[in-house]
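In this text, residue positions in the sequence shown follow my numbering: the first is 21, and each later residue adds one.
For glycine and all other residues, C-beta sits at the position ideal for the given N, C-alpha and C.
Reading through the structure tokens given below for one structure.
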Amino acid sequence: VTVGVLAIIYKLNSYNQSPWMMYLALFVGLCFIFAFCWSVLNLAYIQQKLGFIKWFKQFEGAEKLSLAKPLISKLIVLSIIRYTVFTSQFLFIYIVLSHQHDYLQAFASISAYFMLTSIIPMISFIEPAVRAAIALFVFKNNGNDGVIILSSTLIWLINVVVPSIIGYIIILKEKINFRK
């Protein structure tokens, strides 16, 4: 979230947007970061407030769910590794296909792309189109639209579709019964 917010501010600055837009993006980004950190650290309070939801009470151990600090640290490290891998993949594919040499602009566009694709809800069958539209919006004035669409679609195929197909094949071969 932090890198995405900084990337969006950088992109707004590069498009010569008014300063109040950058301050608004910074404020909204800081609110997201604060809300996320607060919710992780106050999980018990949130659970208490969600106690009225019937389906939440069905889960075994739902009333005493908590995250230990070492687990939170491990999750943050794994998230950073995942983000670095996805960003590196996208940057590599984009640079190879477009021969882009402005790495800072490309990195800022990719970071903004991942930030926006994370917060915008998508329906699975139109997800590639939504991702391509976000990529076109974020990579505006960066070059060839076909390369941008191809890059975002390849990243989606590599990181979502291929692992889903592999998981589906494993489930079929193992004959896992989900109705236990």
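Within 8 Å, strictly: CB atoms of PHE159 and SER129: Here the question's residue 159 lines up with position 139 in the sequence shown. Here the question's residue 129 lines up with position 109 in the sequence shown. Result yes, Cβ atoms of PHE159 and SER129 sit closer than 8 Å.
Neighbour-count burial assignment, LEU136, 16 or more Cβ in a 10 Å radius: By 1-based counting over the sequence shown, the position of residue 136 is 116. Buried: at least 16 other Cβ atoms inside 10 Å.
Coarse secondary structure for LYS195, derived from DSSP in three states: As a working note, residue 195 is residue 175 in the sequence shown. Here LYS195 sits in coil by DSSP.
Stretch-stretch touch, CB-based, cutoff 8 Å, three pairs: the stretch 161–180 with the stretch 108–127: For the pair of segments examined, the stretch 161–180 was found to touch the stretch 108–127: the number of CB pairs separated by less than 8 Å reaches three.
Length of the line joining the Cα atoms of ILE201 and ALA126: Only positions 21 to 200 of the chain appear in the structure, and residue 201 is not among them; the question remains open.
Reference LEU174, options LEU117, ILE139, ILE140, closest by Cα: The sequence position of residue 174 within the sequence shown is 154, counting from 1. Taking only the C-alpha atoms, the option nearest LEU174 is LEU117.
THR31 versus ILE189, ASN161, ILE190, residue with shortest Cα-Cα distance: Within the sequence shown, the letter at position 11 stands for residue 31. According to the sequence shown, residue 31 is Lys rather than Thr. Here the closest residue by C-alpha is ASN161.
Residue range of the alpha helix (DSSP H) that includes SER129: In the sequence shown, counting from the first residue as 1, residue 129 sits at position 109. First-last of the alpha helix (DSSP H) with SER129: 123–139.
Three-state secondary structure assigned by DSSP to GLN120: Taking the first residue of the sequence shown as 1, we reach residue 120 at position 100. The answer is coil: DSSP assigns GLN120 none of H, G, I, E or B.
Under the three-state DSSP convention, the category PHE159 falls into: If you number the sequence shown from 1, residue 159 lands on position 139. DSSP places PHE159 in coil when its eight states are reduced to three.
Segment contact, 8 Å Cβ cut-off, at least three pairs: the stretch 21–28 with the stretch 38–55: Touching, per the Cβ criterion.
Euclidean distance between Cα positions of LYS69 and SER34: As a position in the sequence shown, residue 69 is number 49, starting the count at 1. As a position in the sequence shown, residue 34 is number 14, starting the count at 1. Approximately 43 Å between the Cα atoms of the pair.
Three-way DSSP call (helix, strand, coil) for ASN164 in this model: Here residue 164 is taken as the residue at index 144 of the sequence shown, counted from 1. Of the three classes helix, strand and coil, the one that applies to ASN164 here is coil, per DSSP.
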